[in-house]
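Just so you know, the sequences run in chain order A and B. In this text, residue positions in the first sequence follow the numbering used here: the first is 1, and each later residue adds one. In this text, residue positions in the second sequence follow the numbering used here: the first is 1001, and each later residue adds one. We put the CB at the ideal spot given by N, CA and C, even for glycine. The model shown is predicted, which means the values in this text are computed figures rather than measured ones.
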Amino acid sequence: MAEKLFMIALSPTMEQGTIHKWHIKEGDKFSTGDILCDVETDKTTMEYEAPDDAVLLKIIVQAGGQASVGQTIAIYGENDDEITDLLNEIKQENEGGSETKEADKKDTDKEDTARDMKETQPESDTGVSESDSGNRIIASPLARRIADEKGIDLRSIKGSGPKGRIVKRDVETFKPPVQTSVTSNLTVSNEDVIIPLSDKRTIIAKRLGESKYSAPHFYLTLKADMTRLMEARSRFNDAHPENKTSLNAWIMKLSAEALKKHPEVNASWNKNSILRFAHADMGLAVAQKDGLITPLVKAVELKKVSQVDEELKVLIDKAKNNKLTPEEYTGATFTISNLGAWGIEEFTAIINPPGSAILALGAIQKTPVVINDQIVIRPMMSMTLSCDHRVIDGATGADFMKTLKSYMEDPALALT
Amino acid sequence: MSEFNYDLIIIGAGPGGYVSAIRATQLGMKVAVIEKDSPGGVCLNWGCIPSKSLISQAQKFTYLKDLENMGIKTDTSGFNYESVYKKSRLAATKLSKGVEFLLKKNNIELIKGTAKISEKTTVTVDENKQYTAKNILIATGSRPKLIPGLEFDEEGILSSTGALSLKTLPESMAIIGAGAIGAEFAYILSSFGVQVHLIEMLDTILPLEDKDVSDILAKAFKKNKIKIYTSTKAGISQKLNAGYKVKLEADGKSDMIEVEKILVAVGRAPNSEDLGLEELGIKTDRGFIETGDYYETSVPGIYAIGDVINTPLLAHVASKEGEIAVEYIAGKGHEKRIDPTLIPGAVYTEPQIASFGYTEAKAKEAGYPVKIYSFPYRGAGKAVAVEEPEGLVKLVCHEETHEILGAHIAGKDATELIHELLLARKAELLPEDIATMIHAHPTLSEAVMEAARGILGEAIHI
């Protein structure tokens, strides 16, 4: 019996994904575990594994197409299976232009998803409408007229009528496509440009918006003298030229040690309680070309700097290639964000849930400071800790920063 | 092994119930239907079918005049209305047996008795036998509504059932209520020579239809010596030996008529009593069972369709509602409820009336900029050739997009012609599509084509 293949939530927060590439074509047989397609989400690209041994009967969402979690992306079954009923169902489900986004689908149980599909209207795929042989767009005369009047290109509308026909409702609920103006090198364009939101951008906006608006942020800044730390790192790297460590790995390790001393900072607001994490799972904010992601190293307090650095290297590489798995970027209990390479002197970061604090590092600058009433030049780095006041009070945060500064300025102290 | 006797128990074997039953079986369900009377419900037994038989015979009776015009001498002294009545019963019985056969053929258990829902998944029949089902569908229909003071005795004061049971014709009849039912009986009785007084509380007969269309019927009725009283209330002033004195009040003034019998056709009331609804928490509103998407009631797993819910009281509506509910139960649901603008209404008088969607008045009320065009039947050659020129095809379209918002036809075969226009609305076709399609000549359908052309300003035969 033919069955629907649904877009499943390949990560806890995934709400929709884009089919990057189908690995098999209609008519191909596949076995459980085979990779059917690559799915791009807000954070990364993941592989969709076959749930069963079967034949791919029909691809519903083509490469490049978007599907919400729970939406049908293909039909599979046995070679002779009748699929017209399912196809009709799917057309009905993808009722045109609905703007209601499905609720966060944590449930990947197919049965529940199938039942949910009956109740909810998945966000419509605004891809090209199916056409007959050749380039004819199937649309009712009324729909054509309305599209004409509104100046809408029928090719950008997906039809919800019989056999994918575009009907009045599809045209009336259609959101106009993005306008991008072409700017020539010679002339100045006066038009504002609208950039469509990528999944990643949407998620960043949502999560960080939520974080900022729910956690009452306050900020603690101080500067640390990086002389000794930089020296320690230098000596290690010289001794291990094949395994040179990054400064971030050292800072991450020292922060984890500081958290060991101040477990109140390695905690999370849990609505009716405060959750104190067992380990310091340290996240590092990594810039990507279209966004930002925070891969994490687990239980840093138990690991050596070299190990932390090794893991970070792998993670950062994956991050830059959109290859992180959800476990690799979700759940950091404390995050470090370093904009020093950009020359930023000091900044305040937004807390990355589930953590209650985030450490923002500025550039290391040779700065005149006063030591023993003398002005000397020291490499100073600004550190700003953003704290969630529901969990961390000023003094608590300050204590942590004091400890951290002491470790940064004299790393050997972290051993005590 | 299912824990239930059936996947679905349907209460009522009318057009709602039996169609749902058959559809459910097609979808693989095990179904039982409980019916306390004859299968087929009111429609087959005391409604649509016998009335159409009477109408057809009434129409044939009116051809006497045409035969006389051909020089044929006719002798109506032997006219026996009981034979007319018997034929209508024959049609009803035939079709009722037909339904029984269909149910049997589809392995649907037909249980005779009066049903009450005792529990969410249990139906008790005749307070005796119990049957369990995963889902229950209530399709108990409706009955003629009575007016206090004019309660039916089915002798002198008749409901539609009594009117269908007449074995002899009265000399005169007051028909209170000029909706489809009242109008159809007015046609039947007047065709057989009964003096008909058609009384309506609102300002026009067929108050739900477009005014232009009900005007055509009013005109035809008047021509056939039916006395029409609109904006009038009626009450019995005095019971006579062989009839009644009926007081008519309109506009502060009153009048008196004497009639042999009275037919009360003021609407139909839902059969929702004694079903156990209250105990189960199934919500009703003035007797009608409240339903949501897929016609599910306030109790999940229990559905209600047809005349017992507050949707147009039409057989085809009941059937479609039943299908929607059943398809949802089978997991194949997509349509949630019927689009009311796609329900055709039909009145089988001569001339016939058929319509769907917005009347001109309602479209304007809803705020649509409208474009109206009415094409008279006499512009179509066929209508003139067969001496049926009284009628019109009226299109109510959206001024800018020409979307067909409603269509109204009065005239011969209106109830068939309406479907071309209904299909157009359903498939979102435009008047252009109808106007440019070749219609066979000579047909009444050309009037439909011309009405469409008229919207474009291109009608020819006018």
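Asked: Taking only beta-carbon atoms, is residue 1341 of chain B less than 8 Å away from chain A?; Found: no
Asked: Quick one: does residue 152 of chain A have its CB under 8 Å from some CB of chain B?; Found: no
Asked: Which residues, taken in chain order from the segment 1309-1321 of chain B, show a beta carbon closer than 9 Å to some beta carbon of chain A?; Found: none
Asked: Kindly indicate the opening and closing residues of the alpha helix (DSSP H) around residue 1087 of chain B.; Found: 1081-1105
Asked: Can you tell me whether DSSP reads residue 1316 of chain B as helix, strand or coil?; Found: helix
Asked: For residue 70 of chain A, which of A:5, A:172, A:247, A:314 has the nearest alpha-carbon?; Found: A:5
Asked: Identify, in the order they occur along the chain, each residue of the same chain with its Cβ nearer than 6 Å to the Cβ of residue 1099 of chain B, setting aside the five sequence neighbours on each side.; Found: 1018, 1039, 1040
Asked: Output, in chain order, the set of chain B residues within a Cβ distance shorter than 8 Å of residue 167 of chain A.; Found: 1428
Asked: Please classify residue 1170 of chain B as buried or exposed, where buried requires at least 16 neighbouring CB atoms within 10 angstroms.; Found: buried
Asked: Quick one: what does DSSP say residue 1432 of chain B is sitting in, helix, strand or coil?; Found: helix
Asked: Identify which residue in B:1254, B:1244, B:1195 has its Cα closest to the Cα of residue 1224 of chain B.; Found: B:1195
Asked: Write down the C-beta distance between residue 83 of chain A and residue 56 of chain A rounded to the nearest angstrom, noting that I regard them as a contact closer than 8 Å.; Found: Contact flag wrong, Cβ pair sits at about 11 Å.
Asked: Classify residue 352 of chain A: buried if its beta carbon has 16 or more other beta carbons within 10 angstroms, exposed otherwise.; Found: buried
Asked: Considering only the alpha carbon of each residue, which of A:34, A:192, A:138 lies closest to residue 171 of chain A?; Found: A:138
Asked: So which residues on chain A does residue 1433 of chain B lean against when the C-beta distance must stay under 8 Å?; Found: 141
Asked: Interface residues of chain A around residue 1100 of chain B at Cβ under 8 Å?; Found: Per Cβ cutoff of 8 Å: no residues; residue 1100 of chain B is ~31 Å from chain A at best.
Asked: Along chain B, which residues have their Cβ under 8 Å away from the Cβ of residue 71 of chain A?; Found: The premise fails here: residue 71 of chain A is roughly 15 Å from chain B at the closest Cβ pair, so nothing lies under 8 Å.
Asked: Restricting to Cα atoms, I'd like to know which of B:1295, B:1061, B:1034, B:1190 is closest to residue 1130 of chain B.; Found: B:1034
Asked: Taking residue 1453 of chain B as the reference, give the member of B:1435, B:1447, B:1283, B:1461 with the closest Cα.; Found: B:1435
Asked: Which partner residues does residue 83 of chain A have in the DSSP bridge list?; Found: BP columns for residue 83 of chain A are empty, so no partner.
Asked: What whole-angstrom Cβ distance do residue 318 of chain A and residue 328 of chain A have, given they're in contact under 8 Å?; Found: 7 Å
Asked: In terms of residue numbering, what span does the beta strand (DSSP E) encompassing residue 201 of chain A cover?; Found: First-last for residue 201 of chain A: 199-214, but that is the alpha helix (DSSP H), not the beta strand (DSSP E).
Asked: Kindly list the residues whose CB is nearer than 6 Å to the CB of residue 311 of chain A, restricted to its own chain and excluding five residues on each side of it in sequence; keep chain order.; Found: 297
Asked: With 8 Å as the threshold, decide whether the Cβ of residue 1403 of chain B is near any Cβ in chain A.; Found: yes
Asked: For residue 89 of chain A, return the contacting residues in chain B, with the cut-off set at a CB-CB distance below 9 Å.; Found: 1332, 1334
Asked: Let me know the alpha helix (DSSP H) ranges lying completely inside the segment 1336-1421 of chain B, each 4 residues or longer, listed in chain order.; Found: 1360-1365, 1381-1385
Asked: Please report the residue range of the alpha helix (DSSP H) in which residue 147 of chain A lies.; Found: 141-150
Asked: Run through DSSP, which three-state label would residue 291 of chain A get?; Found: strand
Asked: Can you give me the Cβ contacts of residue 87 of chain A inside the same chain, cut-off strictly under 8 Å, excluding the 5 residues immediately before and after it?; Found: 58, 75
Asked: At 8 Å on the CB atoms, spell out the chain B contacts of residue 146 of chain A, in chain order.; Found: 1401
Asked: When the distance is taken between beta carbons, is residue 1407 of chain B closer than 8 Å to residue 1391 of chain B?; Found: no
Asked: In the DSSP output, which residue or residues are listed as bridge partners for residue 22 of chain A?; Found: A:37
Asked: On a Cα-Cα basis, can you pick out the residue from A:19, A:8, A:32 that is closest to residue 61 of chain A?; Found: A:19
Asked: Please report the distance separating the alpha-carbon of residue 1009 of chain B from that of residue 1032 of chain B.; Found: 5 Å
Asked: Report yes if the CB atom of residue 1305 of chain B is closer than 8 Å to the CB atom of residue 1321 of chain B, and no otherwise.; Found: yes
Asked: So residue 92 of chain A contacts chain B; which residues on that side make the cut at Cβ distance below 7 Å?; Found: 1334
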